[in-house]
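Peer 1:
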Amino acid sequence: MTSERGSALLLEADAAERGAAEGVLAESGLGVAVVNSAELALRHLELYPTDVVVADADLPGSGVELLRKVNALAPETPVILTSARGDLRAAVAAMRAGAADFLARPLSSAELAHAVNKALTATEQVRDSAPVLPLGGALLGDSRAIREVYATVRRAAPTLSTVLVRGESGTGKELVARLIHDHSPRADGPFVRVHCAALPDALLESELFGYEKGAFTGAASRKPGRVELAEGGTLFLDEIGDITPAMQVKLLRLLQEREYDPLGGTRTVRADVRFVAATNRKLEEMVRAKEFREDLFYRLNVVPIWMPALREHAEDIGPLAQRFFAQFAQAAGRAGMQLGDDAVAVLRARRWRGNVRELQNFIERVVVLSESDRVGADAVSRELSRQPAISTVSIPAGSGPLEARVRAAEREALQAALRSTNDNRAAAARLLGISRRTLYTKLEEHGLS
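Each residue of the sequence shown is one higher than the one before, counting from 648 in the working numbering.
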């Protein structure tokens, strides 16, 4: 549970102490999750960004041992330890190990509230002084919805936890993956992207894991895979929801064991990479349909980041449009061009099904095609009228079976996408919001390949 000031994790087995501490944390403006063992506390921290931990140091596996594990897992998260033993040496050891505070029990509500507020204030000051996310701010917006994305990025970036970025096509998932890398301890290492939907299994496996000389016909020399190239950095697994069940097994081993076997190799290789994945698929539904492994889903979904569709932060359309316009005008050597307020009003009224990417591409086209230095509502409306209505293709009327009518509508959408992109398959897939692999499958099904 997350509240106005963030979220707290309370590790407490005693019912009376738990109730009192939970009340103090809630009054401090925090959502509170309660666990009764160090093991459950660590599992919670793996799954959910947490702003402060309050833990009973007298429980097995807690105290300094827990503190060190939390510092490794979530170094930005302050830990307040409590103890009924009154052991001064334990308190000194805890503070030296990095505890935000060490409180004697029974807990004083005032002391706990003060310790929590002090820890949160210190963390907030560190975050406020952290580098701004200029690239994200420039490309995604400044609305509350986008600020929430940035907040999660700031919490997740310093850790090694796997992040799953989810959302519709064009919302900026790869950009967020890069922000996580750029603000992580691995920022000086490589950022390597793998487009999982673009390659069949055999090619995807060799692309990921590499191969040795002679591994197959044509393997004239050793080739390092993307995992090896990402050593010490971040491996970005894009369109992870499109991989086949066979590939899911191999990827699960990579995430779970941090090891893999290059094709034709004779030894297992350890992987020192941070994983960030992205998908526009509904993975929970795929898990229920047995199309995606449940264990792989949980390995990927340690820290989920949901990217809002542009319609969900429509207040950003105007500022984004002006920013894109200025960038493209300057790149075209026409820095004096202006996008009128009336044109922005037209843009705001449109439902951008392709999200930020569609808006950005549209603005670029307007800049390139405009003969005037001022682009107004008429020019924008004229260009919008030329946009193919791919996402609004209607199901043909008729008395035939629904399945046949849906199939006809799908065929029409595919043909319209190909026409509007001059038969550019990659562009058509982006326009339709599907992977290239899915596009090729659909084209073959409809005899359009």
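Note that beta-carbon positions come from the ideal geometry of N, C-alpha and C, so glycine has one too.
Name the residue from L735, V701, W999 and L947 whose alpha carbon lies nearest to the alpha carbon of A961.
Peer 2: Of the candidates L735, V701, W999 and L947, the one whose C-alpha sits nearest the C-alpha of A961 is W999.
Peer 1: Hey, how far is the Cα of S937 from the Cα of T891?
Peer 2: The residue asked about is misnamed: residue 937 is Lys in this sequence, not Ser. Going from the Cα of K937 to the Cα of T891 covers about 11 Å.
Peer 1: Is it buried or exposed for G733, if we count other Cβ within 10 angstroms and need 16 for buried?
Peer 2: By the neighbour-count rule (16 or more Cβ atoms within 10 Å), G733 is not buried but exposed.
Peer 1: Just the C-alpha distance for L807 and N1071, rounded to the nearest angstrom, thanks.
Peer 2: Whole-angstrom Cα-Cα distance: 38 Å.
Peer 1: Look at L1014 and A979 and say whether their C-beta atoms are less than 7 Å apart.
Peer 2: The question names Leu, yet the displayed sequence has Val at residue 1014. Cβ atoms of V1014 and A979: closer than 7 Å.
Peer 1: Give the DSSP bridge partners of K870, in chain order.
Peer 2: DSSP lists Y858 as partners of K870.
Peer 1: Taking F975 as the reference, which of N948, R940, E1011 and G987 has the closest Cα?
Peer 2: Looking at the Cα atoms, E1011 is the closest of the given residues.
Peer 1: Should R690 be labelled buried (16 or more other beta-carbon atoms within 10 Å of its own) or exposed?
Peer 2: R690 comes out exposed.
Peer 1: Identify, in the order they occur along the chain, each residue of the same chain with its Cβ nearer than 6 Å to the Cβ of D1020, setting aside the five sequence neighbours on each side.
Peer 2: Hits under 6 Å: G983 and M984.
Peer 1: Using DSSP with H/G/I as helix, E/B as strand and the rest coil, what is H842?
Peer 2: Residue state, collapsed to three classes: strand.
Peer 1: How many whole angstroms separate the CB atoms of H828 and R801, which I take to be in contact at a CB cut-off of 8 Å?
Peer 2: Going by Cβ atoms, the distance from H828 to R801 rounds to 13 Å, so no, they are not a contact pair.
Peer 1: Over what stretch of residues does the beta strand (DSSP E) that includes T881 continue unbroken?
Peer 2: Counting along the chain, the beta strand (DSSP E) containing T881 begins and ends at T881 to D885.
Peer 1: State yes or no: is the C-beta of F883 within less than 7 Å of the C-beta of V923?
Peer 2: Contact flag set, yes.
Peer 1: I need the boundaries of the beta strand (DSSP E) containing G965, first residue and last residue.
Peer 2: Premise fails: G965 lies in the alpha helix (DSSP H), I964 to A978, not in any beta strand (DSSP E).
Peer 1: Is the beta carbon of L807 within less than 6 Å of some heavy atom of the ligand ADP?
Peer 2: Absence of the ligand ADP from the depicted structure is noted, as is the absence of any ligand whatsoever, leaving it without description.
Peer 1: Can the beta-carbon of T818 be found closer than 7 Å to that of N1002?
Peer 2: Cβ distance < 7 Å, so T818 and N1002 count as in contact.
Peer 1: Buried or exposed: K820, going by 16 or more other Cβ atoms within 10 Å of its Cβ?
Peer 2: Buried, because 16 or more other Cβ atoms sit within 10 Å of the Cβ of K820.
Peer 1: E854 and N927 - do their beta-carbons sit closer together than 7 Å?
Peer 2: No, the pair does not count as a contact, with Cβ atoms beyond the cut-off.
Peer 1: Could you give the C-beta distance for L1090 and L1079, rounded to a whole number, given that I count them as a contact under 8 Å?
Peer 2: That belief does not hold up - the Cβ atoms of L1090 and L1079 are roughly 11 Å apart, past 8 Å.
Peer 1: Name the residue from E686, R921, A1063 and R1029 whose alpha carbon lies nearest to the alpha carbon of P805.
Peer 2: For P805, the nearest C-alpha among the options comes from R921.
Peer 1: Taking only three categories from DSSP, how would you classify F944?
Peer 2: It is helical.
Peer 1: If we ignore side chains and look at the alpha-carbon of each, how far apart do E1030 and G987 end up?
Peer 2: When rounded, the distance between both Cα atoms is 15 Å.
Peer 1: Return the residue from the list A968, A744, S709 and F972 that minimises the CA-CA distance to G788.
Peer 2: Considering only alpha carbons, the answer is A968.
Peer 1: Here's a check: name, in chain order, each residue in its chain whose Cβ is nearer than 7 Å to the Cβ of N764, leaving out the five neighbours to either side.
Peer 2: Contacts found: S675.
Peer 1: In or out: R958 buried (at least 16 other Cβ within 10 Å) or exposed?
Peer 2: Counting Cβ neighbours within 10 Å, R958 comes out exposed, since fewer than 16 surround it.
Peer 1: Can you find at least 3 beta carbon pairs, one from the region 713 to 728 and one from the region 741 to 752, that sit closer than 8 Å?
Peer 2: Short answer: they touch.
Peer 1: By DSSP's criteria, D748 is part of a beta bridge. Which residues make up the other side?
Peer 2: The partner list for D748 (beta bridge, DSSP) reads I727.
Peer 1: Counting C-beta neighbours from all protein chains within 10 Å, is the total for F1117 16 or more, i.e. buried, or is it exposed?
Peer 2: Residue 1117 lies beyond the stretch modelled for the chain, which goes from 648 to 1096, so this question has no answer here.
Peer 1: State the beta-bridge partners of D703 as determined by DSSP.
Peer 2: BP columns for D703 point to T729.
Peer 1: Since V916 and E906 should fall inside the 8 Å C-beta cutoff, what is the C-beta to C-beta distance between them, to a whole number of angstroms?
Peer 2: Correct: roughly 6 Å between the Cβ atoms.
Peer 1: Just the C-alpha distance for V839 and R873, rounded to the nearest angstrom, thanks.
Peer 2: Roughly 7 Å between the two C-alpha positions.
Peer 1: Is the Cβ-Cβ distance between E864 and R833 less than 7 Å?
Peer 2: Note that residue 864 is Thr in the sequence shown here, rather than Glu. Contact: no.
Peer 1: In three-state terms, what does DSSP make of G678?
Peer 2: If DSSP states are grouped into helix, strand and coil, G678 belongs with the strands.
Peer 1: Since I believe V993 is in contact with V1027 (beta carbons under 8 Å), could you give me their beta-carbon distance rounded to a whole number of angstroms?
Peer 2: With 8 Å as the limit, V1027 and V993 qualify as a contact, their Cβ atoms being about 5 Å apart.
Peer 1: For K929, tell me which candidate among G888, R940 and M954 has the shortest Cα-Cα distance.
Peer 2: Out of G888, R940 and M954, G888 has the C-alpha closest to the C-alpha of K929.
Peer 1: A738 to R935, Cα distance in whole Å?
Peer 2: The straight-line gap from Cα to Cα measures roughly 48 Å.
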